[in-house]
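Peer 1: Handing you a structure now.
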Amino acid sequence: MHWLTLGIIALSLIIGARSYPRFAFFLLAILIAGAIVLVTLSSGERARGRALISMDAIDISHVDAKAGYAGSFDLSGRATNRSVDATVIELTLEISLLDCVGENASQSDTDLKSRCAEMGSVTRRVTTDVPPGQSRDFQVNIALPQSERRGQSIWTVVPNQAWGRIDR
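Next up, the structure:
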């Protein structure tokens, strides 16, 4: 729709420039100034609508990974938003695959990364819409280097950043 409108305006300016060149250039200058003002206002509105949410307000649970296409993994989980006034719209997650051998796999995961070998790690953005006080499922496809696993595979998913929209 926008392209059709721009095409009609461009055609009008070309036709008008033949008969009234000063008016056509004046109209072109006004259209360019208007476009600059609209872009500035809309980007400012977008920036005001986004807010960085504290990591204390985000919980990741029910993490499960399944084999995906060409050696990749389909990782799914549940994101919970404990914020009172912001809807989570985007999460940045640090996803790691750990290889835990022997008794390391059964111990608590307070410092699991220091006791298990890291097989790979990636950072992914997840677009989601989690209203305050609610949970939503997410899924992301990740590819890690292929390597031999000797023990139990454990996935860790840690949120690095969360962007939200303030609901008032």
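Anchor point for the sequence shown: position 39 equals 38 in numbering that gives the first Met the number 0, and the numbering is continuous, going up by one each time.
Here a beta-carbon is modelled for each residue, glycine too, at the ideal position from N, C-alpha and C.
1) Do the stretch 82–96 and the stretch 127–137 make contact, defined as three or more Cβ pairs closer than 8 Å?
2) Pick helix, strand or coil for residue 152, following the three-state DSSP scheme.
3) Just to confirm, are residue 157 and residue 76 a CB contact at a threshold of 8 Å?
4) Give a yes or no on whether the C-beta atoms belonging to residue 116 and residue 97 are separated by under 8 Å.
5) Just how far apart, CA to CA, sit residue 74 and residue 28?
6) Considering only C-alpha positions, which residue in the set 100, 127, 150 and 61 is nearest to residue 90?
7) Under 6 Å Cβ to Cβ from residue 140, same chain only, skipping five residues before and after it: list those, please.
8) Going by alpha carbons, who is nearest to residue 122 out of 36, 94, 62 and 32?
9) Among all the DSSP beta bridges, which residues are the ones paired with residue 137?
10) Looking at residue 22: is its Cβ nearer than 8 Å to the Cβ of residue 15?
11) For residue 94, which beta-bridge partners are listed by DSSP?
12) Going straight from the alpha carbon of residue 120 to that of residue 55, what length do you get?
13) Which residue's Cα is closest to the Cα of residue 26: 9, 88 and 37?
Peer 2: Result, derived from the coordinates:
1) yes
2) Along the sequence shown, read from residue 1 onward, the residue named residue 152 stands at position 153. Here residue 152 sits in strand by DSSP.
3) On the sequence shown, position 158 is the one that residue 157 refers to. On the sequence shown, position 77 is the one that residue 76 refers to. No.
4) For the purposes of this step, residue 116 is taken as the residue at position 117 of the sequence shown. For the purposes of this step, residue 97 is taken as the residue at position 98 of the sequence shown. Contact: yes.
5) Here residue 74 is taken as the residue at index 75 of the sequence shown, counted from 1. Here residue 28 is taken as the residue at index 29 of the sequence shown, counted from 1. Straight-line Cα distance between these residues: approximately 51 Å.
6) Counted from its first residue, the sequence shown places residue 90 at position 91. If we check each option's Cα against that of residue 90, 127 comes out closest.
7) For this step, residue 140 is matched to residue 141 along the sequence shown. Around residue 140: 67, 71 and 73.
8) Within the sequence shown, residue 122 is the residue found at index 123, counting from 1. The residue with the shortest Cα to Cα distance from residue 122 is 94.
9) The residue you call residue 137 lines up with position 138 of the sequence shown. The partner list for residue 137 (beta bridge, DSSP) reads 76.
10) Along the sequence shown, one-based indexing puts residue 22 at 23. Along the sequence shown, one-based indexing puts residue 15 at 16. Contact annotation: residue 22 and residue 15 have beta-carbon atoms nearer than 8 Å.
11) Start at 1 with the first residue of the sequence shown, and residue 94 comes out as number 95. DSSP output for residue 94 lists 121 and 156 as bridge partner(s).
12) Working through the sequence shown from its first residue, we reach residue 120 at position 121. Working through the sequence shown from its first residue, we reach residue 55 at position 56. If you take the alpha carbons of residue 120 and residue 55, they lie about 22 Å apart.
13) By 1-based counting over the sequence shown, the position of residue 26 is 27. The shortest C-alpha separation from residue 26 is found at 9.
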